[in-house]
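Engineer:
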Amino acid sequence: MEKRSILHMLDPMPNNSPFDVNMAMDAGFDVLMPYSNVKLDSVYRLTQDAIFSRSPAGIKRTGLFIGGRDLELAMDMLDACKQAMVPPFEVSVFADPSGAFTTAAALVACVEQALKAHHAKELKDCRVLVFGGTGPVGIATGIIASLAGADTALVDHLLLDSALDVAKAFNRRFGCTLKGECARTEEDKATLIAEVDIIFCAAKAGVQVLSSAVLKAAQHLKVVGDVNAVPPLGIEGIKRSDLGAPLANAINAPGAVAVGALAVGDIKYQLQHEMLNFMLSTDEPVYLDFREAFNKARDILIQKK
Amino acid sequence: MEKPFILHMLTTAKNLSPFDVNMALDAGWVSALPYTNVEASEVQGLVQDAIFSRSTKNLTRTGIFIGGRDTKQAMDMLKTAKRSMVPPFEVSVFADPSGAFTTAAGMVASAEHELITKFDTTLEGKTILALGGTGPVGQAAAVIAAQAGAKVIIIGRQLEKAQHVADMCNNEFGDGKITILAGADADKAEYIKTADVVFATGAAGIELLSAELIALAPQLKVAADVNAVPPSGIAGVDAFHNGTAIEGSISKAVGIGALAIGNVKYHTQNSLLKKMISSDKPVYLHFEHAFEVARDYMATRR
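Protein chains in written order, with our numbering: chain A, 1 to 305; chain B, 1 to 302.
1. Please report whether the beta-carbon of S53 (chain B) lies at a distance below 9 Å from any beta-carbon of chain A.
2. For the segment 280–297 of chain A against the segment 229–243 of chain B, are there 3 or more C-beta pairs whose distance is under 8 Å?
3. May I have the straight-line CA-CA distance separating K268 (chain A) from A213 (chain A), to the nearest angstrom?
4. Closest to W29 (chain B) by C-alpha separation, out of B:K274, B:G106, B:M168, B:G132, would be which residue?
5. Here's the rule I'm using: 16 or more other beta-carbon atoms within 10 Å means buried, otherwise exposed. How should L78 (chain B) be labelled?
6. Determine, using beta carbons only, whether T62 (chain B) comes closer than 9 Å to chain A.
7. What's the gap between the Cα of A162 (chain B) and the Cα of A182 (chain B)?
8. Taking the beta carbon of V86 (chain A) as the centre, do at least 16 other beta carbons fall within 10 Å, making it buried, or is it exposed?
9. I want to verify the contact list: residues of chain A whose CB lies under 9 Å from the CB of K3 (chain B), in sequence order.
10. From which residue to which residue does the alpha helix (DSSP H) around F101 (chain A) run?
11. Excluding the 5 residues preceding and the 5 following P231 (chain A) in the sequence, name in chain order all residues of the same chain whose CB lies nearer than 8 Å to its CB.
12. Identify which residue in A:A74, A:K60, A:S53, A:V21 has its Cα closest to the Cα of Q48 (chain B).
13. So, at 7 Å on beta carbons, what are the nonlocal neighbours of A189 (chain B) in its own chain, with the 5 sequence-adjacent residues on each side left out?
14. Go to N242 (chain B), then tell me how far its alpha helix (DSSP H) extends in each direction, as first and last residue.
15. Quick one, which residues of the segment 2–15 of chain A are near chain B if we go by CB-CB under 7 Å, in chain order?
16. If you draw a straight line from the alpha carbon of G265 (chain A) to that of T300 (chain B), how long is it in whole angstroms?
17. Would you list, in chain order, the members of the segment 3–33 of chain B that have their beta-carbon closer than 7 Å to a beta-carbon of chain A?
18. For A80 (chain A), I'd like the list of residues in its chain whose CB is within less than 6 Å of its CB, leaving aside the five on either flank, ordered along the chain.
19. Would T36 (chain B) count as contacting chain A if we go by Cβ distances under 9 Å?
20. When you compare the CB of Y35 (chain A) with every CB in chain B, is at least one pair closer than 9 Å?
21. Should L208 (chain B) be counted as a contact of the ligand ATP given a C-beta to heavy atom distance under 8 Å?
22. Within the segment 219–262 of chain B, note down every full beta strand (DSSP E) run reaching 3 residues or more, in order along the chain.
23. Nearest-angstrom Cα distance between G262 (chain B) and R295 (chain B)?
24. Is any beta-carbon of chain A found at less than 9 Å from that of L46 (chain B)?
25. Classify D96 (chain A) as helix, strand or coil using the three-state DSSP reduction.
26. Measuring alpha carbon to alpha carbon, tell me which of B:D120, B:L7, B:T12, B:S41 ends up nearest D26 (chain B).
27. Helix or strand or just coil, what does DSSP make of C81 (chain A)?
28. When DSSP labels each residue in this structure, what does M16 (chain B) get in the three-state scheme?
29. Please classify P282 (chain B) as buried or exposed, where buried requires at least 16 neighbouring CB atoms within 10 angstroms.
30. By DSSP, does P14 (chain A) sit in helix, in strand, or in coil?
31. Buried or exposed, going by whether 16 or more other CB atoms sit within 10 Å of the CB of Q318 (chain B)?
32. Going by DSSP in three states, G2 (chain A) sits in which element: helix, strand or coil?
33. When you compare the CB of E90 (chain B) with every CB in chain A, is at least one pair closer than 9 Å?
34. Suppose only complete runs of 4+ residues qualify. What are the alpha helix (DSSP H) ranges in the segment 161–246 of chain A, listed by chain order?
35. Taking 9 Å as the CB-CB cut-off, is L32 (chain A) touching chain B?
36. I'd like the span of the beta strand (DSSP E) that includes R127 (chain A), first residue to last.
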């Protein structure tokens with residue numbers, strides 16, 4: 001009899017996210033085991049307990065998922081898992097803290113597609129701002145955009161130092177070239193967006209970051225993408241289901257188009273499903289983070305065309 | 001392909017009860033996932049994570065169970081969960097802290113069954129003593145019986161605590177429409193003179209009603225005891241009793257023991273867990289629904 005597939009779900013938080021649980025079951029894992037309050041220094045041992053208790057055939061039906069809310073910690077845990085593997089005793093690992101990696105990957109891929117379709121441009125030709133840039137989705141969005149060649153700045157709404165610290169830390173770690181900015185006031189926002197091509201909005205749900213008045217300042221704006229699905233939305237005038245619809249409120253940037261939260265959410269959902277599914281179908285163990293998520297999000301969008 | 005049935009099991013305690021886990025899987029839930037030490041403030045986030053990660057079609061195959069030990073906390077969490085739904089993104093929720101709701105429902109329905117079959121009467125207007133009634137099972141049984149028309153008195157060793165619990169039951173669970181009273185354990189000999197029904201829901205191994213007191217009860221009809229560990233909570237009622245005459249009762253009262261109640265409780269919890277799966281529309285289940293199910297079950301035995 002084929003062994004049942006098991007996903008060990010490691011989470012530094014007191015509980016796993018029911019979101020990830022539903023997604024993992026629906027992707028085809030037979031059994032889910034939650035491990036909560038997991039510390040980084042227990043990851044090595046947990047990983048080895050998982051790999052040494054099944055035959056190499058059974059190991060193919062075994063996976064590790066890393067959740068939580070902290071992007072750096074999740075990446076540290078992913079690294080710790082990798083180090084703990086003893087080939088051929090090796091299983092696939094997928095990190096997606098707060099779903100941030102798959103959300104960011106879907107967001108950037110959707111915006112990239114709109115950029116190509118409506119402006120015939122590539123990310124590497126663009127200046128990019130990420131509002132809510134110091135949260136998990138914002139940081140992952142910034143890294144993906146920067147690694148794709150865009151001139152990218154993370155924007156914090158309170159402190160310039162927060163943005164600069166985050167940018168520096170992740171530049172060192174992933175070889176990207178993020179900058180840091182701060183936008184406390186409407187004037188700050190207007191100044192920042194005047195010259196940029198792309199705006200990502202990854203701020204808190206229910207917070208409007210850019211009003212129509214501020215959007216007037218944008219001269220070169222080509223695409224905006226928003227992940228906030230709770231009204232008021234992050235950008236005034238955007239609709240949740242927009243996928244390349246004109247952003248009429250950017251009156252000085254004719255041709256600017258929008259990507260809304262439900263359009264991103266659709267791709268994110270499909271993406272997370274496929275990533276989890278991939279862990280079950282792959283012959284070789286895989287280590288999945290925002291980079292693989294972005295590649296797969298791009299594939300999904302190409303297939304949809 | 002049909003998606004698997006997933007039950008997200010929330011508890012304020014540091015572990016789930018293996019009882020509830022077994023019950024959930026046996027009722028047809030394919031996967032039962034624990035969320036422990038859950039605080040009231042976390043319920044909305046957990047519920048919304050659960051509802052936004054499946055299509056509305058598959059949400060009918062998703063549920064939330066609320067355990068823990070505290071009845072009010074569980075009812076508050078049930079209300080929060082209901083408020084957190086974003087129709088059509090909505091799932092069924094079932095609260096049964098410590099299994100108290102289904103145990104209480106099993107006990108009250110069993111007692112009612114004896115009243116009907118052996119005394120040709122109902123719960124309406126009966127005087128009921130809930131001995132050791134300040135705990136979860138006692139609270140839920142008091143509320144269920146009061147809602148069925150009985151005059152319930154929660155008896156505790158500390159009158160002040162019993163009064164506090166009675167007030168809480170009336171206001172929080174009875175919406176102010178029931179009037180459960182409180183009495184001191186020291187006055188039991190007086191209360192027993194007018195009692196029709198006695199529920200014993202105290203801690204295991206404590207005798208709450210002695211043979212002497214039973215001999216003083218001129219109108220006692222049914223005595224039910226949820227304690228399965230000797231000595232029993234009611235003298236002369238053992239765990240296997242199921243409508244069995246109580247020795248020494250001048251009013252020919254019958255006893256119902258823990259195993260008989262447990263059987264109805266088991267059936268009730270199983271039915272409610274299945275109802276979450278089979279219902280087309282989301283349902284929010286607590287002690288009232290447990291009593292409906294337990295009553296229907298007992299009616300099939302008549």
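No residue lacks a Cβ here, since even glycine has one placed at the ideal position from N, Cα and C.
Structural biologist: Let's see:
1. yes
2. no
3. 31 Å
4. B:K274
5. Flag for L78 (chain B) reads buried.
6. yes
7. 5 Å
8. exposed
9. Within 9 Å Cβ-Cβ: N22, M25, D26.
10. 100–119
11. G206
12. A:V21
13. L213, L216
14. No alpha helix (DSSP H) holds N242 (chain B); the beta strand (DSSP E) holding it covers 242–245.
15. P14, N15
16. 49 Å
17. K3, P4, I6, H8, S31, L33
18. Same-chain partners within the cutoff: V43, Y44.
19. yes
20. no
21. In the structure on display, the ligand ATP does not appear, and there are no ligands present to speak of.
22. 222–225, 242–245, 254–256
23. 14 Å
24. yes
25. coil
26. B:L7
27. helix
28. In the sequence as presented, Met is not what sits at residue 16 (chain B); that position holds Leu. Coil at L16 (chain B), not helix or strand.
29. buried
30. coil
31. Limits of chain B in this structure are 1 at one end and 302 at the other, which puts residue 318 (chain B) out of reach.
32. Note that residue 2 (chain A) is Glu in the sequence shown here, rather than Gly. Residue state, collapsed to three classes: coil.
33. no
34. You should have 186–193, 212–215.
35. yes
36. 127–131
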